[in-house]
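Q: Heads up: the sequence shown begins at 1 in this note's numbering, then just goes up one per residue.
Ideal placement from N, C-alpha and C gives every residue a C-beta, glycine not left out.
Before we start, here is the structure in question, set down as structure tokens.
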Amino acid sequence: MENIKEELKNVIVDVMLPESEGYLEDLNTAIKDETASADDLVAKKDIEAFISELKTIIEVVEEDKLSDEEAENIYEKIITMLNEHEDEEH
Numbered sequence: 001m002e003n004i005k006e007e008l009k010n011v012i013v014d015v016m017l018p019e020s021e022g023y024l025e026d027l028n029t030a031i032k033d034e035t036a037s038a039d040d041l042v043a044k045k046d047i048e049a050f051i052s053e054l055k056t057i058i059e060v061v062e063e064d065k066l067s068d069e070e071a072e073n074i075y076e077k078i079i080t081m082l083n084e085h086e087d088e089e090h
């Protein structure tokens, strides 16, 4: 990959954050409508922490505080997670 840090940032901004924020919105709606389960309440905390981690990764990339190797490891984990999620949907 030509610029792994840029690829990492793009996959977070273009895919991970929108999907995670959409899921959080769904959870908030369920909580508001009083249809949320106990698992949904736990999932809300987990997804909020995950979104925070994604935003931190973006900040670290923008501040150039991440090595190419670290960026590649994170990128590969995200791609694996996306592929596993896609496989579950099919």
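#1: Spatial neighbours of K9 within its chain, please: C-beta separation below 7 Å, excluding the five flanking residues on both sides.
#2: Going by other Cβ atoms of all chains shown within 10 Å of its Cβ, with 16 needed for buried, is I31 buried or exposed?
#3: Helix or strand or just coil, what does DSSP make of N3?
#4: Consult DSSP for K70 and reduce its assignment to one of helix, strand or coil.
A: Looking at the coordinates:
#1: Excluding positions up to five away in sequence, the list reads I58, V61.
#2: Label assigned to I31: exposed.
#3: Assigned with DSSP and collapsed to three states, N3 falls in coil, not helix or strand.
#4: Reading off the sequence, residue 70 comes out as Glu, not Lys. Helix.
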